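S.K.: Sharing a structure, written as structure tokens. Questions coming.
8 protein chains.
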Amino acid sequence: MSAPRTADLGFARLDLDREARTGTPEVIFAAGKTADQTVACLAALLEGSPTPFAWASRVDGATAAAIRERWPDAVVDEEAGCAFVGAVPDPVGEVLVLTAGTSDGPVAAEVAATLRACGVGCRRVDDVGVAGIHRVLAVAPDLGAADAVVVVAGMDGALPSVVAGLTDRLVVAVPTSVGYGAAFEGLAALLTMLTACAPGVLVVNIDNGFGAGVAAARIARSAQR
Amino acid sequence: MSAPRTADLGFARLDLDREARTGTPEVIFAAGKTADQTVACLAALLEGSPTPFAWASRVDGATAAAIRERWPDAVVDEEAGCAFVGAVPDPVGEVLVLTAGTSDGPVAAEVAATLRACGVGCRRVDDVGVAGIHRVLAVAPDLGAADAVVVVAGMDGALPSVVAGLTDRLVVAVPTSVGYGAAFEGLAALLTMLTACAPGVLVVNIDNGFGAGVAAARIARSAQR
Amino acid sequence: MSAPRTADLGFARLDLDREARTGTPEVIFAAGKTADQTVACLAALLEGSPTPFAWASRVDGATAAAIRERWPDAVVDEEAGCAFVGAVPDPVGEVLVLTAGTSDGPVAAEVAATLRACGVGCRRVDDVGVAGIHRVLAVAPDLGAADAVVVVAGMDGALPSVVAGLTDRLVVAVPTSVGYGAAFEGLAALLTMLTACAPGVLVVNIDNGFGAGVAAARIARSAQR
Amino acid sequence: MSAPRTADLGFARLDLDREARTGTPEVIFAAGKTADQTVACLAALLEGSPTPFAWASRVDGATAAAIRERWPDAVVDEEAGCAFVGAVPDPVGEVLVLTAGTSDGPVAAEVAATLRACGVGCRRVDDVGVAGIHRVLAVAPDLGAADAVVVVAGMDGALPSVVAGLTDRLVVAVPTSVGYGAAFEGLAALLTMLTACAPGVLVVNIDNGFGAGVAAARIARSAQR
Amino acid sequence: MSAPRTADLGFARLDLDREARTGTPEVIFAAGKTADQTVACLAALLEGSPTPFAWASRVDGATAAAIRERWPDAVVDEEAGCAFVGAVPDPVGEVLVLTAGTSDGPVAAEVAATLRACGVGCRRVDDVGVAGIHRVLAVAPDLGAADAVVVVAGMDGALPSVVAGLTDRLVVAVPTSVGYGAAFEGLAALLTMLTACAPGVLVVNIDNGFGAGVAAARIARSAQR
Amino acid sequence: MSAPRTADLGFARLDLDREARTGTPEVIFAAGKTADQTVACLAALLEGSPTPFAWASRVDGATAAAIRERWPDAVVDEEAGCAFVGAVPDPVGEVLVLTAGTSDGPVAAEVAATLRACGVGCRRVDDVGVAGIHRVLAVAPDLGAADAVVVVAGMDGALPSVVAGLTDRLVVAVPTSVGYGAAFEGLAALLTMLTACAPGVLVVNIDNGFGAGVAAARIARSAQR
Amino acid sequence: MSAPRTADLGFARLDLDREARTGTPEVIFAAGKTADQTVACLAALLEGSPTPFAWASRVDGATAAAIRERWPDAVVDEEAGCAFVGAVPDPVGEVLVLTAGTSDGPVAAEVAATLRACGVGCRRVDDVGVAGIHRVLAVAPDLGAADAVVVVAGMDGALPSVVAGLTDRLVVAVPTSVGYGAAFEGLAALLTMLTACAPGVLVVNIDNGFGAGVAAARIARSAQR
Amino acid sequence: MSAPRTADLGFARLDLDREARTGTPEVIFAAGKTADQTVACLAALLEGSPTPFAWASRVDGATAAAIRERWPDAVVDEEAGCAFVGAVPDPVGEVLVLTAGTSDGPVAAEVAATLRACGVGCRRVDDVGVAGIHRVLAVAPDLGAADAVVVVAGMDGALPSVVAGLTDRLVVAVPTSVGYGAAFEGLAALLTMLTACAPGVLVVNIDNGFGAGVAAARIARSAQR
């Protein structure tokens, strides 16, 4: 393995060849960084990457402002907490993103933003939880048209079990921290999804829209090859 | 409150007026008792109760044999691990008992045995988990005919959420210890049911078919009054 | 199953036939929604539902203000965090709501508000925890007059075990997050209630006054049929 | 502090002055030891202690046989799993030991055996759980006659909360591993007791009859001084 | 049992005979109450109790101010978060209160305030954790002069194990939420104390200085009888 | 949705159209069934399915013997605990299965058996854990040749994080219950994989080789379309 | 053991001979103390210690200001939250400190500050997590030059397993609370490190840079003796 | 990094250069392997390693017999569950191994066996738990003579906190699964050790005598260089 190129900023060591190696562009996870650190990382990526594009997730208001100040034409997706700098890639394929309830929206938005950054198309249908099973059945005909299905659900996290029984597509399940009490910040939904009685369900961390998006993008790109 | 009559066996203090007070006959929970203790408790109940009937749950083979030796016409339900001595009450009303999978059978059997002991009718439909949602939809038309619905499910425990969205009957949810790994001996199903996205779901302890049966019997008797 | 009518607001998919199907009017859970979203949902429900009534739970100050601005004669129950728009249904039957301590009040208020929205009567007695068992015994004579009993308790959560041994009514137990340390945000009370030594206890999620109210309403309606 | 005398057996370092220092005779906890090790420890204690008495807890059948072989007049309490060698001290004072259910018996027996070894009197009343609250009220008049009250309970562990509200005596609460599912091997009862809504409740480890007995003995001896 | 007298404030049901029955004056736990509710409770207790004294714990700044406004000569212990109204009882006996570290101070202060309200004397020695074992040994000679010892410790919670091996007095162990990471808000200290290798240790809830104080007061009063 | 065909055996309700609907043949999960029940299910599947093939997982010795008695040419994979009856489908594509240690072998075998039943090719490389990172680097060149990579690991579960950083293929991570102490029956590995610092990792339940196999098969089939 | 000298401030009991006894200077843990208490402790240490140096950890802005006001030439390390008063000891030896990601920086800074206070040299390399394994391999040649290696990692905590397989130096692993969801405030990383598949890894509490620094300093001093 | 030499047995991939790279000889962890697999691994190590020595841990009776059959002069340490084949290295330096109680013996034996395999001297003192603190003080003078101290303790796990306050040597703490109830299979001791109030304590997995031995050996070798 020849060593990948790295941009060493002292506090961070950016992986300039990640996209070449893993098919997914490096992302700047802004949650543990100052606004200045995030801007510096984006700048280094833009300069060093083979593609004129960089992006950051978990961006708060202050960081979004700093990004816009540096790159006035940056695009900030406020629901998703993501910022895009440079040329967003053209989308190929399509991933279907479902949410169980309205409160799961921000996580679904992060999935969608990640797909966008990875150059994969996305269709989103919200609030189709199993308490009104007819809402799930209504989307059943669309499942087969997608390259993969991402299901975002908090509380009981039951939606992926139902969806996976209706399709031959891979279901990427994202538990969310929506709920209270015995939802235990998403633990209930996480355990539900891990023990889903239907096979074909794969799980990411609680609220991890980014991880689900990257995974779905890999599947979609693989199917489009 | 005048003090209820009690049969004091030293190691146990039997509540002879429980049925009069709570509508449910006292049960002998055999799991923590020797075969001799269980037999002695049943004998004391038969002698002291106003009705010529007594029963025990969580009965193993040795205890079942001891009961049969003492009362040759005792009825032992082996799937449920329950034994009935004396005249089983005639059933009124009907409770619908659903299981998500075949392995949930023994717990559903305990629900059914408890309903029998409480004098309430029972209809049972097995293996209608949400991975094949058409199986759930197939029982939907029957929900309204029941006084209450008991749903028994392990693994992801998702079935009660779906059922409760299809009916105006109360759903008594029983998580089971069926599953492995992140099912954590029924914890996953328990949390799922407690956080069910559909209202109208009430939950009992893991594998507690007895508790679900008593509760459903109370609802059925209330509806039949 | 003919597909229920749905009001699709994009971010939400409202179930206009929920009351017809489940006997309980759809509620807007405001906790994960903006004030505007909650108002839009209430408006859509009012317009699309067969009954001229809609309500929301987990309403904070800002959302309550927005509701009042849109519907000046809306009724806001501040202790419960609930808002009612339109004609509250007339109550039938009666549910007895008990709290173990003063701090359990807001959850009991949510139970009462839910019963109100469901058109069921409610009587509430506060601060009858088991540390002063005479307080529990004092309400014992009233238990038989109720269609169901809801018991709200935090800390040790011991009250439902005692109450269920005194009555033939179903006891709906609501653990609350009242307490500190080993109360673990309501987990201690939840486990106590799930393992109650008296049968006839059914449990809902921590602080879930709404769920307890819906369940008690179903029982009361069933008993009144 | 002058160093206490120690009997060094290599695998164990026995504290010969423990009784002088702490008022409680050293016990041999047999659970992690071979039968030979337990016998050797008892012999060393008998030889080195100021009093002609030694005892062991958590004794299984093989170890009990080995003890009886070495000391034919040893007393073995099989329910408690304890063995006494030499002159059991005369009892002073009285501790009241209550159990919630029949299955809690072995732990209560360990409490009683420990009190016996510590030279404190014991009265035991079994199966007075809160599901039949009249059974608790029946023992209320006896509480004031005891130097301390030990309450042994599994499942919901609710009994100490009720007892402590009825007396000015200290209540030593012992959670047991009796129960299943959400009882989590005694965790539910432990949390209940730690969060008891009545003050005056102190808690020991799950199934720790020995610890409860030593504590109650200290209180009784203190009250008798 | 003749029913104890109760002051019914609607939101609270005060136990006016608690001191007569349990030897400990009723306390107003202010944490879940408004300042007005706490003042109303104190007033009702003062009026209805046989002794001219009332007190409240977990009092914040606003509530303390409200108490002082109503009773200008009320005494507020700010470290403990407790307020005393009326005549504090004269102390009898003495309880020794030890802390492992400086940060455990507020919990120890609540122990001391409770002892004061219960009319029991208190001596407090701070910061004697086991990391400097000589500090523990330095207090060893004082242990025998106390009626009981309360040990307050966070982090590893190891101090009670050492103290209980040095004395024949009962050790009341109070785990605190001091620490971070794997201290898990006091859980580590709680488990340590429950599994203490020395007998004679009894445990209360995390940060429960009140419960430890009441228990120690009962022991001291018992020893002074 | 036209209702799928079902074989109703009373204790089980087999989904005869699962393969048509989800691309994966129905499996008989033998763990909760008797040998007779498993055989009956396999027979019903063989009779009712469009393809002359059926299989079962979690098969123990007794069940394997019963299968062989009924179908003498059945193939039993003992390491995997799986049995195949009828014509195993021809494999397309290839999934690479890696294990971290020798003890992870049986779970990897279940992955391989599932791929076989789904008609997908499999290459397996064992014992390439990160403690000898050169072993991981040695397989790096092979990653790109696979349609998907399944990584099976217990203990620290660190292997998927490293592998996902080396490839653009999706990594399906299977935590195993290998390990002791703080491995907590696979919980440590599960959490590690859910929080993997490299994206592109999707997780199944602990020891769920079946689920990983089905998911990998869906990806491989999608890539081969 | 002659009793160590102690500075008794009432709220604290400072160990003036700790450095002589344990080789590590006493530290003032400021998190549970007021600014005044921290300053008083530092002053007492400076006065009573054999060396003209004192320091505090977990210092917030207010406490840092109070320290600077009292000792204008105090050095405050803001990233680490540490303050040094007096003459920092000259460093001997060298410890290599690695972080998995940028967000782990503050904990690594606490390690470095502790090493500084203990008089041990430190080299720090940031952001070498296993998702880009080439970054780990790049530091491999430097491992043998260090007296010990401290590895600071949140999320999956996988870095120590890889590093320990590359060196014969002891690896001190520090889990951090970096991450979300199933990272459970550092629990995931903690379990990963405890179950590391490579031996030679020792673990400290979550975010405990101080403890890791002291341990590494002891190893370095031992190696330099 | 030139790739280390590997012995590929199919089911295992042995690291022949581990000792050269990490200073510790490769061990065969027998717990997850058949007797034949363990023997084959030992044979391959003996053949491929630069030193004529190999060993295995977690060896049960059957595996020990198989080893003895192949290598009649193999040494089996039954208390430790370890087997040594070939020339055990001569010991350098000395590690002091302490146990809190007799039941911790087997884990201490694994520590000692690992030190032996690593060529480091060992002195072991058993049963010096903190309940008799004089036993700890009695070993205090020996601490300074050791290169490192390993402390093995179950139940409350308090011993390392005390020992680390008495010495400048590194303390390697090994929690054991000794205890019951709230000891939670070693979790209580693990948390105690992680939150030890004295610095200089590093922790390994529950019952991981092997890991503690390797770490202590690294420290001892480093100190002896």
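Taken in sequence, the protein lines are chains L, B, S, Z, V, F, E and H.
All residue numbers for the first sequence refer to UniProt numbering, where the first residue is 1 and numbers rise by one.
All residue numbers for the second sequence refer to UniProt numbering, where the first residue is 1 and numbers rise by one.
All residue numbers for the third sequence refer to UniProt numbering, where the first residue is 1 and numbers rise by one.
All residue numbers for the fourth sequence refer to UniProt numbering, where the first residue is 1 and numbers rise by one.
All residue numbers for the fifth sequence refer to UniProt numbering, where the first residue is 1 and numbers rise by one.
All residue numbers for the sixth sequence refer to UniProt numbering, where the first residue is 1 and numbers rise by one.
All residue numbers for the seventh sequence refer to UniProt numbering, where the first residue is 1 and numbers rise by one.
All residue numbers for the eighth sequence refer to UniProt numbering, where the first residue is 1 and numbers rise by one.
Glycine is no exception: its CB is placed at the ideal position from the N, C-alpha and C atoms.
Bear in mind that the values here come from a model prediction, so they are computed numbers and not experimental data.
1) When you compare the CB of F:D127 with every CB in chain H, is at least one pair closer than 9 Å?
2) Any Cβ of chain E within less than 9 Å of the Cβ of L:T6?
3) According to DSSP, is B:I219 part of a helix, a strand, or is it coil?
4) Using a C-beta to C-beta distance shorter than 9 Å, which residues of chain S count as neighbours of L:S103?
5) Looking only at its chain, what residues have a beta carbon closer than 8 Å to the beta carbon of F:H134, apart from the 5 residues adjacent to it on each side?
6) Report yes or no: do three or more beta-carbon pairs, one from the region 18 to 27 of chain S and one from the region 172 to 179 of chain B, lie closer than 8 Å?
7) Could you tell me the alpha carbon to alpha carbon distance between B:G165 and S:D15, rounded to whole angstroms?
8) Would the region 174 to 185 of chain L count as touching the region 69 to 84 of chain L if we require 3 or more Cβ pairs under 8 Å?
9) Distance check for F:G105 and L:G144, CA to CA, integer angstroms please.
10) If you compare alpha carbons, which of H:I206, H:A216, H:A223 is closest to H:V97?
11) Are F:V149 and F:T167 touching if we call contact CB-CB under 9 Å?
12) Go ahead and pull the three-state DSSP assignment for L:E26.
13) Using the Cβ count rule (16 or more neighbours within 10 Å means buried), how would you classify E:P72?
14) Exposed or buried, what is F:A220 when buried is set at 16 or more other beta-carbons lying within 10 Å of its beta-carbon?
15) Locate the beta strand (DSSP E) running through L:V125, then write down its first and last residues.
16) List, in chain order, every chain L residue whose beta-carbon is nearer than 9 Å to that of F:I67.
17) Can you give me the start and stop residues for the alpha helix (DSSP H) that V:P175 sits inside?
18) Could you tell me which residues DSSP pairs with Z:D77 in its beta bridges?
19) Between the beta-carbon of S:V130 and the beta-carbon of S:V152, is there less than 9 Å?
20) Closest Cβ-Cβ distance between F:A182 and chain H: below 9 Å?
21) Specify, as a first and last residue, the run of the beta strand (DSSP E) that F:A44 falls within.
22) Out of curiosity, what's the CA-to-CA distance linking V:I67 and V:A56?
23) In angstroms, rounded to a whole number, what distance separates the CA positions of V:G209 and B:A223?
24) Strictly under 9 Å for the Cβ-Cβ distance: is S:D142 near chain L by that measure?
25) Output needed for E:G48: all residues of its chain with C-beta closer than 8 Å, excluding positions within five of it in sequence on either side, in chain order.
26) Tell whether a beta-carbon distance below 9 Å holds between F:A117 and F:F53.
27) In angstroms, rounded to a whole number, what distance separates the CA positions of Z:P89 and Z:T114?
28) With 9 Å as the threshold, decide whether the Cβ of Z:S222 is near any Cβ in chain D.
29) Where H:A196 and Z:R225 are concerned, what is the direct C-alpha to C-alpha distance, given to the nearest angstrom?
30) Taking DSSP as the reference, what is the three-state secondary structure of L:F184?
31) Label F:E69 either buried or exposed according to how many other C-beta atoms from any shown protein chain fall within 10 Å of its C-beta, with 16 as the threshold for buried.
32) Straight-line CA distance for S:E94 to F:L202?
M.R.: This is what the structure gives:
1) For F:D127, the nearest CB of chain H lies under 9 Å from its own CB, placing it at the interface with that chain.
2) Against chain E, the CB of L:T6 has a partner CB under 9 Å away; the residue lies at that interface.
3) Residue state for B:I219 is assigned as helix, using DSSP reduced to three classes.
4) Result: F29, A31, G32, K33.
5) Once the five neighbours on either side are set aside, F:H134 has no close Cβ partner at all.
6) With a cut-off of 8 Å, the region 172 to 179 of chain B and the region 18 to 27 of chain S do not count as touching, because too few Cβ pairs lie within range.
7) Rounded to the nearest angstrom, the two C-alpha atoms are 10 Å apart.
8) Under the Cβ criterion (8 Å, minimum of three pairs), the region 174 to 185 of chain L does not count as touching the region 69 to 84 of chain L.
9) Straight-line measurement puts the Cα of F:G105 at about 35 Å from the Cα of L:G144.
10) Relative to the Cα of H:V97, the nearest Cα in the group H:I206, H:A216, H:A223 belongs to H:A216.
11) Cβ atoms of F:V149 and F:T167: closer than 9 Å.
12) Shown here, L:E26 sits in coil according to DSSP, grouped into three states, outside any helix or strand.
13) E:P72 counts as exposed, since fewer than 16 other C-beta atoms from the protein chains shown sit within 10 angstroms of its C-beta.
14) Under this definition F:A220 is a buried residue.
15) Per DSSP, L:V125 belongs to the beta strand (DSSP E) from 120 to 125.
16) Neighbours of F:I67 on chain L: none; closest Cβ ~21 Å, over 9 Å.
17) Boundaries for V:P175: no alpha helix (DSSP H) harbours it, while the beta strand (DSSP E) harbouring it runs 171 to 175, taken from the DSSP string.
18) Secondary-structure assignment with DSSP links Z:D77 through a beta bridge to Z:C82.
19) The answer is no: Cβ separation not under 9 Å.
20) Answer yes: the Cβ-Cβ gap between F:A182 and chain H drops below 9 Å somewhere.
21) Here F:A44 belongs to no beta strand (DSSP E); instead the alpha helix (DSSP H) covers 35 to 48.
22) About 10 Å.
23) The alpha-carbon of V:G209 is positioned some 49 Å away from that of B:A223.
24) Among the CB atoms of chain L, none fall inside 9 Å of the CB of S:D142.
25) The residues R5, A7, L14, L16, in chain order, have a CB closer than 8 Å to that of E:G48 in the same chain once the five nearest residues on each side in sequence are set aside.
26) Cβ distance < 9 Å, so F:A117 and F:F53 count as in contact.
27) Rounded to the nearest angstrom, the two C-alpha atoms are 11 Å apart.
28) Considering every chain present, this structure includes no chain D. Its protein chains are L, B, S, Z, V, F, E and H.
29) Each residue's Cα considered, the two are about 38 Å apart.
30) DSSP places L:F184 in helix when its eight states are reduced to three.
31) The residue in question, F:E69, is exposed, as its Cβ has fewer than 16 Cβ neighbours within 10 Å.
32) Linking S:E94 to F:L202 through their CA atoms gives a straight-line distance of about 50 Å.
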